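**Q** Protein sequences appear in the order of chains B and P.
Residue numbering for the first sequence follows UniProt numbering, starting at 1 and increasing by one per position.
Residue numbering for the second sequence follows UniProt numbering, starting at 1 and increasing by one per position.
The beta carbon of each residue, even a glycine, is placed where N, CA and C say it ideally should be.
In this text, all values refer to a predicted model and were calculated from it rather than measured experimentally.
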Amino acid sequence: MTVADVLLLALGAVAVGSGALVVTSSHLVRSGLYLVVSLGAIAGLYLVLGAELVAWVQILVYVGAVVVLLLFAVMLTRAPIGPSPDLDRPALPAVLIGGGAGLGLAALFADAFRWAEYPQVEPGTAERVGEQIFGAWVLPFEVLSILLLSALVGAIVLSRPDIGARAGEPEA
Amino acid sequence: MDLVVRVLAVMAGFLVLPLVVGQVEHKVMAHMQGRVGPMYAGAFHGWAQLIADGVKFVQKEDITPKDADRTVFQLAPIVALFPYLIVIMTIPLGPGLVGASLDIGLFLVLAVLGIGVVAVLMSAWSSANKYSLLGGVRGAAQLLGYELPLVLSAASVAMAAGTLSLPGIVEAWQPWWLIWQAPAALVFFVAGLAEIRRPPFDMPIADSELVFGYMTEYSGLRFAFFLLAEYVGIVVIAALTTVLFLGGWHGPYEQQLGWLWTLLKIFALAFVIIWLRVTYPRMREDQLQRFCWLILVPVSLGQLVLTVAVKSLV
């Protein structure tokens, strides 16, 4: 086992452990904070694998923005300190589905890749990722950007009831 | 050995520079307001005032409110301080004089600065105080909004230099960029001010209406951590503006004196940050959001277009 292997295992354990805490904790906001830890550990995994850019994008987008928006929304509505047992759902079906999918995927990957050895790939530097995105993958990239733009416009229209309202109609 | 020296140097800078800025703030504010400021600690013009403050903070009782979420409450100041330590590590002082030279240092800096929001929300929510929570929600809205112009204006200079490495950007920098990148520099500096919640963007703290915002319930060493984070924040924003827009170590005899030029530029900008605090009244929450979305974001988008246009001509 190399240092990288040990780091991968440790970060993986942190990611899975805090991921489990996200769904089992009955403290609403703490769940969100565990999500920060989990996503941060995944960024650490990327870093160990040499994909620096992806790692920092993970931090910038998920830790710095997505989880923060989630926490922000929770705090605007209802964020009690301490456990909220009334928010719990029966856990058994979730355990079955989540655990089953996880174990199934793990078994599948282990079976598919166990004996194969791959040459070390080049690390995903900013330059290489940029070349790939704006060279080979430019069309999907642009299509995605249009999708995101339309989602953005949709969000604005939905949140502004005065847009498209007929004259005389009361604003919601 | 090399690594140890680098880590020690970064730690020393991390501990000393903010204190110097803090002391300068005391004195500069005092003189701008026609008073003398600290005069007794350390005998000569109160130079040891912040050290005395530190001793005072250590002696104070460390209070956690009864209804607070203890763990989150106690972790928040560390989460607030930690990102700045990483950022300081990547800032180049002179040619080859940098804690950790990274290929995509700029990206790291922007990503790590974003973690600060988590600390604001953690401290705000876990204090079990409505003023704290209000301050925290304001803070989160402000930080999320101003991150956009910050990233866009930094992207402009990265495009101009053709690299994401901070030393690389300084190397590529030329004096005429001062004009070409001027809008981006202004947007970056102003958005940076808002990111560290300095006046006139201190709505999340707003001591006349929210007591002290998300820091209301903190005392002793943990409060000192928040204060230190604010001063490190000044250093970091001044240093980033210097490195990205003001040419970092460029100046006469830059091979030998580069570090001096960088430090001088950083302190000049830190002085401007303090000056702004004394000059401008606090912006109201709605003015603050309008300013971000209707002025800073369009300007930084326009700068991106300008950067591409000029870059393709040159």
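1. Between Ala80(P) and chain B, is any beta-carbon pair separated by less than 8 Å?
2. Take Leu210(P) as the anchor and find which of Ile234(P), Gly136(P) and Ile179(P) has the nearest alpha-carbon.
3. Cβ of Ser145(B) less than 8 Å from any chain P Cβ?
4. Report the rounded CA-to-CA distance for Trp249(P) versus Leu103(B), giving the unit in angstroms.
5. If we ignore side chains and look at the alpha-carbon of each, how far apart do Met89(P) and Arg138(P) end up?
6. Could you name the residues that DSSP lists as bridge partners for Gly94(P)?
7. For Val151(P), tell me which candidate among Ser312(P), Val314(P), Gln303(P) and Lys311(P) has the shortest Cα-Cα distance.
8. Could you have a look at Lys265(P) and say whether DSSP puts it in helix, strand or coil?
9. Return helix, strand or coil for Thr125(B), following the three-state DSSP convention.
10. Please list the partners that Val29(B) has in chain P, where partner means a Cβ-to-Cβ separation under 9 Å.
11. Can you tell me which of the three DSSP states Asp162(B) falls into?
12. Please work out which residues of its chain come closer than 7 Å, Cβ to Cβ, to Leu296(P), disregarding the five sequence neighbours upstream and downstream, and give them in chain order.
13. Taking Ile115(P) as the query, report the chain B residues whose CB atoms sit under 9 Å from its CB, ordered along the chain.
14. CB of Pro204(P) to nearest heavy atom of the ligand NAP: below 7 Å?
15. Can you confirm whether the stretch 83–97 of chain P touches the stretch 107–119 of chain P when touching is taken to mean that 3 or more C-beta pairs between the two stretches lie within less than 8 Å?
16. Are the C-beta atoms of Met75(B) and some chain P residue less than 8 Å apart?
17. At which residue ranges does the stretch 97–163 of chain P contain complete alpha helix (DSSP H) runs of 4 or more residues, listed in the order of the chain?
18. For chain B, find out if any of its Cβ atoms is closer than 8 Å to the Cβ of Asp103(P); answer yes or no.
19. With H, G and I counted as helix, E and B as strand and the rest as coil, what does DSSP make of residue 173(B)?
20. Listed in chain order, which residues of the stretch 119–134 of chain B have Cβ atoms closer than 7 Å to some Cβ of chain P?
21. If you pair each beta-carbon of the stretch 40–51 of chain B with each one of the stretch 26–43 of chain P, do three or more pairs fall below 8 Å?
22. Cutting at 6 Å between CB atoms, please list the residues of its own chain near Gly42(P), excluding the five before and the five after it.
23. Is it the case that the Cβ atoms of Ala55(B) and Leu11(B) are separated by a distance below 8 Å?
24. Rounded to whole angstroms, what's the CA-CA distance from Lys130(P) to Tyr84(P)? Just pull it up for me.
25. Can you list, in chain order, the residues of its chain whose CB lies under 8 Å from that of Pro65(P), leaving out five sequence neighbours each side?
26. How should Phe223(P) be labelled, buried or exposed, when 16 other C-beta atoms within 10 angstroms of its C-beta is the threshold for buried?
**A** With the given structure in hand:
1. Residue contact check for Ala80(P) against chain B: no CB pair falls below 8 Å.
2. Gly136(P)
3. no
4. Rounded to whole angstroms, the separation of the alpha carbons of Leu103(B) and Trp249(P) is 55 Å.
5. 29 Å
6. Leu97(P)
7. Gln303(P)
8. Looking at Lys265(P) - three-state DSSP - the assignment turns out to be helix.
9. coil
10. Asp69, Val72, Leu121, Met122, Trp125 and Ser126
11. coil
12. Pro149, Val187, Val190 and Ala191
13. Val36, Gly40, Ile59, Val63 and Gly64
14. Among the ligands in the structure shown, none appear at all, so the ligand NAP cannot be discussed.
15. yes
16. For Met75(B), a Cβ of chain P is located within less than 8 Å of the residue's own Cβ.
17. 105–113, 116–126 and 130–161
18. yes
19. Since the first residue shown for chain B is 1 and the last is 172, residue 173(B) is missing from the structure and cannot be characterised.
20. Thr125 and Ala126
21. no
22. If the five residues before and after Gly42(P) are omitted, its C-beta is found closer than 6 Å to the C-beta atoms of Ala48, all from its own chain and listed in chain order.
23. Contact check for Ala55(B) against Leu11(B) fails: the beta carbons are separated by 8 Å or more.
24. The alpha-carbon separation between Lys130(P) and Tyr84(P) amounts to approximately 28 Å.
25. Apart from the 5 residues on each side of it in sequence, Pro65(P) sits with its Cβ closer than 8 Å to the Cβ of Phe73, Ser127, Ala128, Asn129 and Glu217 in its chain, given in chain order.
26. buried
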